[in-house]
Amino acid sequence: SSPEELTHFAVILDVKGEGGVLSRLIENYSQLAKSYDYIITLCDVYPQSGKLATRKRRAMKSRQRAGAPGARMIFAVQEIETWFIAEDSHFERIDERLTSDMIKKNTGYDPSADHPQSITHPAQLLGYIYSLVGMGWKKKWYQIERTVAVLDHSYMESRNRQRLFGYRLLCSIMDEYFSVPTKWCSC
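In this text, residue positions in the sequence shown follow the working numbering: the first is 72, and each later residue adds one.
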């Protein structure tokens, strides 16, 4: 099917690294805005300070005021891995030994009870949890695909939509996206 025949059309742009997401979005914005109703950028905050994240939010709002109403930047609490950890039922689908008790005993973090926003460096914690059963996490595509493939999205939405602001925003945008025929780009 060609993009013109599709009701929903998405393009995912890998910006190759976390440091310049906003600047790359702004660089490519004019071209992207001609073709897409939504431009969604998922952005990690770690290891940046709250001040830098605030500047990024302001820059995105200024971009929206300058004729980019469909541009949205969604900030993970610290890192997108926060969302993976928040879907605590996925650990046992990665490996049956990764129970909440085992994770708590080895990390001090209880994924079934502790709030994921309390995690300072989620990618590091996720890597450590996976290493307990001989697996790794270095944000490689095959590792991302492995994790995303076992996430229970219904559970994730019901449990985390209200407690994780960035996730709630993404769900709201996706609800809007699937309610009307549109085209969007995820950058």
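Even for Gly, the Cβ is constructed at its ideal location relative to N, Cα and C.
Quick one: what's residue i bridged to in DSSP?
i, result
"Cys242", "Its beta-bridge partners do not exist; DSSP assigns none."
Could you give the C-beta distance for residue i and residue j, rounded to a whole number, given that I count them as a contact under 8 Å?
i, j, result
"Thr153", "Ile190", "6 Å"
"Pro182", "Ile151", "Contact doesn't hold; Cβ gap of about 16 Å is too wide."
"Pro193", "Gln149", "5 Å"
"His161", "Asp115", "So it is not a contact: roughly 19 Å between Cβ atoms."
Run through DSSP, which three-state label would residue i get?
i, result
"Tyr109", "strand"
"Glu247", "helix"
Alpha carbon to alpha carbon, what distance is there between residue j and residue i?
i, j, result
"Val204", "Ile110", "38 Å"
"Cys242", "Gly207", "28 Å"
"Arg126", "Glu167", "42 Å"
"Asp159", "Ile200", "11 Å"
"Leu197", "Gly179", "13 Å"
"Thr170", "Met245", "31 Å"
"Ile165", "Gln188", "22 Å"
"Asp185", "Ile215", "23 Å"
"Phe249", "Trp212", "26 Å"
"Glu177", "Lys209", "Residue identity check: residue 177 is Asn in the sequence provided, not Glu. Asn177 and Lys209: Cα-Cα distance of roughly 20 Å."
"Asn99", "Asp172", "46 Å"
Considering just the uninterrupted stretch of the alpha helix (DSSP H) at residue i, what are its terminal residues?
i, result
"Gln195", "193-202"
"Ala184", "Taken as a continuous stretch (DSSP letters only), Ala184 belongs to no alpha helix (DSSP H), as it is neither H nor E."
"Ala219", "With the sequence shown as reference, residue 219 is identified as Val, and Ala is not the correct amino acid for it. First-last of the alpha helix (DSSP H) with Val219: 212-221."
"Trp154", "152-157"
"Thr170", "Element bounds for Thr170: n/a, residue is neither H nor E."
"His224", "224-231"
Does the beta carbon of residue i come closer than 8 Å to any beta carbon on chain B?
i, result
"Gln102", "The structure shown contains no chain B; it is built from a single protein chain."
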